[in-house]
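Trainee:
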Amino acid sequence: RAVTDSLDKMSIANMNRGDPGMYGTVVASYIFYGYAMYLLTQEFHWYISKRHQFMSRLSPENHTVFVGGIPFRLRSRKALYNFFNDLFDDVLDVNIALRVEELDVLVKKREDLALELEHAANVFSATGKRPSHTTMPLCGEKLDTINTLCEKITQANER
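Residue numbers for the sequence shown follow our numbering, so the first one is 29 and each next one is one higher.
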């Protein structure tokens, strides 16, 4: 059969039934598939070893669980600790945040201070002059903005 299209010449659509080239295509696909599975297996072994290495470190982040939707009867440290300790023998500590609204306000204030500090640091980096501000609009004491914001952020972190 005469084939004029170059794509048809290179594809298996050009082969006749029982053509030995078909066997080569099947063998090549099995070799490619086998190699891909080998690479995946090697990748999984690498991933598992790294994951075990990371998870075996003794850091609180690796063993911390955040739980939401806690029933009212369990909303105390003692009740929650007893509940989880009955389920799992190795509970180290339990903390519960009940007034999240107040925490959200404090976090927002701290984020605003951090943005102001970042802006002041960028101004200092661009101009070479430390930014300053006054405590009162016209007659207040002139203060270094970076130092003041660092102190305010430290105070916010302590709350």
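C-beta: ideal position from N, C-alpha, C; glycine also.
Kindly indicate the opening and closing residues of the alpha helix (DSSP H) around K136.
Mentor: Looking up residue 136 in the sequence shown gives position 108. Unbroken alpha helix (DSSP H) run through K136: 128-155.
Trainee: Just the C-alpha distance for I59 and G52, rounded to the nearest angstrom, thanks.
Mentor: Taking the first residue of the sequence shown as 1, we reach residue 59 at position 31. Taking the first residue of the sequence shown as 1, we reach residue 52 at position 24. For the pair I59 and G52, the Cα-to-Cα distance works out to about 10 Å.
Trainee: When the Cα of F94 is compared with those of G46, A125, D114, which residue comes out closest?
Mentor: On the sequence shown, position 66 is the one that residue 94 refers to. When G46, A125, D114 are compared, the shortest CA-CA separation from F94 is found for A125.
Trainee: Go to L171, then tell me how far its beta strand (DSSP E) extends in each direction, as first and last residue.
Mentor: Counting from one through the sequence shown, the residue named residue 171 turns up at place 143. Residues 170-172.
Trainee: When you compare only the Cα positions, how much space is there between H243 and S87?
Mentor: Because residue 243 is not part of the residues shown, which for the chain are 29 to 187, the question remains open.
Trainee: Under a three-way DSSP split, which group does S57 fall into?
Mentor: Working through the sequence shown from its first residue, we reach residue 57 at position 29. Reduced to three states, the DSSP call for S57 is helix.
Trainee: Using the Cβ count rule (16 or more neighbours within 10 Å means buried), how would you classify A148?
Mentor: Looking up residue 148 in the sequence shown gives position 120. Result: buried.
Trainee: For V128, which option in V122, D121, K136 has the closest C-alpha, if you only look at C-alpha atoms?
Mentor: The sequence position of residue 128 within the sequence shown is 100, counting from 1. Checked all of V122, D121, K136; the closest Cα to V128 is K136.
Trainee: If you measure between the beta carbons of L134 and A184, is that distance less than 8 Å?
Mentor: Reading the sequence shown from its first residue, position 106 is the one you call residue 134. Reading the sequence shown from its first residue, position 156 is the one you call residue 184. Contact: yes.
Trainee: Which value, in whole angstroms, describes the spacing of the CA atoms of K170 and R187?
Mentor: By one-based count along the sequence shown, residue 170 stands at place 142. By one-based count along the sequence shown, residue 187 stands at place 159. Rounded to the nearest angstrom, the two C-alpha atoms are 27 Å apart.
Trainee: Taking buried to mean at least 16 other C-beta atoms within 10 Å of its own C-beta, is L108 buried or exposed?
Mentor: For the purposes of this step, residue 108 is identified with residue 80 of the sequence shown, where counting begins at 1. The residue is buried, with at least 16 neighbouring Cβ atoms inside 10 Å.
Trainee: Could you check if L141 is buried or exposed, using at least 16 other CB atoms within 10 Å of its CB as the buried criterion?
Mentor: As a position in the sequence shown, residue 141 is number 113, starting the count at 1. Counting Cβ neighbours within 10 Å, L141 comes out buried, since at least 16 surround it.
Trainee: The beta strand (DSSP E) with S160 in it runs from where to where?
Mentor: The residue labelled residue 160 in the question sits at position 132 within the sequence shown. Residues 160-162.
Trainee: Round the Cβ separation of D36 and N44 to the nearest angstrom and send it over; I've been treating them as touching at under 8 Å.
Mentor: Stepping through the sequence shown from its first residue, residue 36 is reached at position 8. Stepping through the sequence shown from its first residue, residue 44 is reached at position 16. With a Cβ gap of about 13 Å, D36 and N44 do not count as contacting.
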